[in-house]
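Taking it in order: structure first as structure tokens, then the write-up.
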Amino acid sequence: MRLDLPRVIAGEDTRTTLMVRHIPNKYTQRMLLSVIEQNHSGQFDLLYLPIDFKNRCNVGYAFVNMISFHHVPAFYREFHRRKWERFNSDKVCEINYGRIQGKRALIAHFSNSSLANEDESMQPVVFASDGSGTRERWHSPGGGRRGF
């Protein structure tokens, strides 16, 4: 799911969900959120850093859904091929497209998983899609709601 930056800039590729790869395993969702929000606050409406439930560490990748494809180039330029600053990691970030595209599709996918039963720190972080940065709730299986 390679990202072709010239096609995005030309408006020929309007996908918005990015897969951030090669994240050091010690990064928490809160740490990653802080790094992304430094320059991209209000530009994304979902962040999910999968966690290995046994060792409580991330599995090395995350998903970020940008509110518009217009925000993809700046995000890509900042993070693609960037070395992570914390933990003296040699890992180099790689940005590709996610298989599942869009906030709604991602939430539907997560709602059909066991994530709703896990600790909040292991659940997706969802924001309003209007660029305000306001946190939202997502629906869990059975119609319940989990807050963030």
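Taking the UniProt record's numbering, I'd label the letters of the sequence shown as residues 1 to 148.
Using N, Cα and C, we set each Cβ at its ideal position, and we do this for glycine too.
Compute the distance between the beta-carbons of Met66 and Gln43, then report whether it is under 9 Å.
yes
Count the C-beta pairs between the stretch 17 to 30 and the stretch 51 to 64 that are closer than 8 Å, then say yes if the count reaches three, no if not.
yes
Among Ile100, Thr17, Val72, Phe110, which has the Cα closest to the Cα of Ala10?
Val72
With DSSP run on the structure shown, which of helix, strand or coil describes Arg30?
helix
If you draw a straight line from the C-alpha of Gln101 to the C-alpha of Phe87, how long is it?
31 Å
Does DSSP put Val35 in a helix, in a strand, or in coil?
helix
Range of the contiguous beta strand (DSSP E) that encloses Ala128
Segment: none, Ala128 is in no beta strand (DSSP E) and carries neither H nor E.
Reduced DSSP category for Met122 - H, G, I as helix; E, B as strand; rest coil
helix
Measuring only the C-alpha atoms, how far is Asp52 from Gly133?
27 Å
Quick check on Asp45: buried or exposed, where buried means 16 or more other Cβ atoms within 10 Å of its Cβ?
buried
Between Arg2 and Phe127, what straight-line distance do the alpha-carbon atoms span, to the nearest angstrom?
26 Å
Residue closest to Arg77, alpha-carbon to alpha-carbon, out of Ile95, Ser68, Glu85, Val64:
Ile95
Can you name the start and end residues of the alpha helix (DSSP H) that Arg21 belongs to?
Not the alpha helix (DSSP H): Arg21 falls in the beta strand (DSSP E), residues 17 to 21.
Alpha carbon to alpha carbon, how far is Ser41 from Asp4? Give it in angstroms, no decimals.
23 Å
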